[in-house]
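Encoded as structure tokens, the structure appears first; notes follow it.
Numbering (the UniProt record's numbering), first residue to last: 1 to 140.
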């Protein structure tokens with residue numbers, strides 16, 4: 001029975017990955033950590049790869065944004081948000097049937113719950129860090 005459940009999970013992951021590839025969602029993801037570090041190594045500010053003018057306007061803006069993204073990801077994993085949303089995705093797929101769910105349907109279904117599940121403490125911490133950054137760069 002355990003092997004069967006693991007096999008179903010693997011099939012579900014494979015089907016979701018296939019749908020992400022078919023819709024182009026897979027390619028639209030941000031660069032992986034090693035790609036970001038390689039770019040940041042080649043561009044000292046870490047921001048040149050997204051906008052040639054951004055490094056002159058706000059030094060390290062992209063570096064800050066990426067660190068905020070990593071902080072958010074870590075906090076969401078730590079509080080169990082990722083696991084809750086993953087379970088909700090599985091419920092939706094199970095309810096509608098794997099063959100009848102599109103990536104767009106899944107996103108539309110889980111987005112409201114995903115937003116509601118983000119703890120206030122995480123939102124407050126990110127907002128405070130953004131305000132601090134903006135205060136430091138207010139003259140720009």
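For each residue, glycine too, the CB sits at the ideal point set by N, CA and C.
Host alpha helix (DSSP H) of residue 114 (start-end):
Counting along the chain, the alpha helix (DSSP H) containing residue 114 begins and ends at 103–117.
Tell me whether residue 61 is buried or exposed, calling it buried when 16 or more other Cβ atoms sit within 10 Å of its Cβ.
So residue 61 ends up on the buried side.
Out of 100, 119, 109, point me to the one whose CA is closest to residue 72's CA.
If we check each option's Cα against that of residue 72, 119 comes out closest.
Would you please state the rounded distance, in angstroms, between the beta carbons of residue 19 and residue 107? I believe it to be under 8 Å.
Residue 19 to residue 107, Cβ: 11 Å. No contact.
Span separating the alpha-carbon of residue 129 from that of residue 7
Rounded to the nearest angstrom, the gap between the Cα atoms of residue 129 and residue 7 is 42 Å.
Could you give the distance in angstroms between the alpha-carbon of residue 17 and the alpha-carbon of residue 11?
A straight line joining the alpha-carbon of residue 17 with that of residue 11 spans about 10 Å.
Residue 88 vs residue 110 beta-carbon contact at 8 Å:
Between residue 88 and residue 110, the C-beta gap is smaller than 8 Å, which places the two residues in contact.
Beta carbon of residue 117, beta carbon of residue 81: below 8 Å?
With a cutoff of 8 Å on beta-carbon distance, residue 117 and residue 81 are scored as near each other.
Would you report the Cα separation of residue 115 and residue 91, rounded to the nearest angstrom?
Straight-line Cα distance between these residues: approximately 17 Å.
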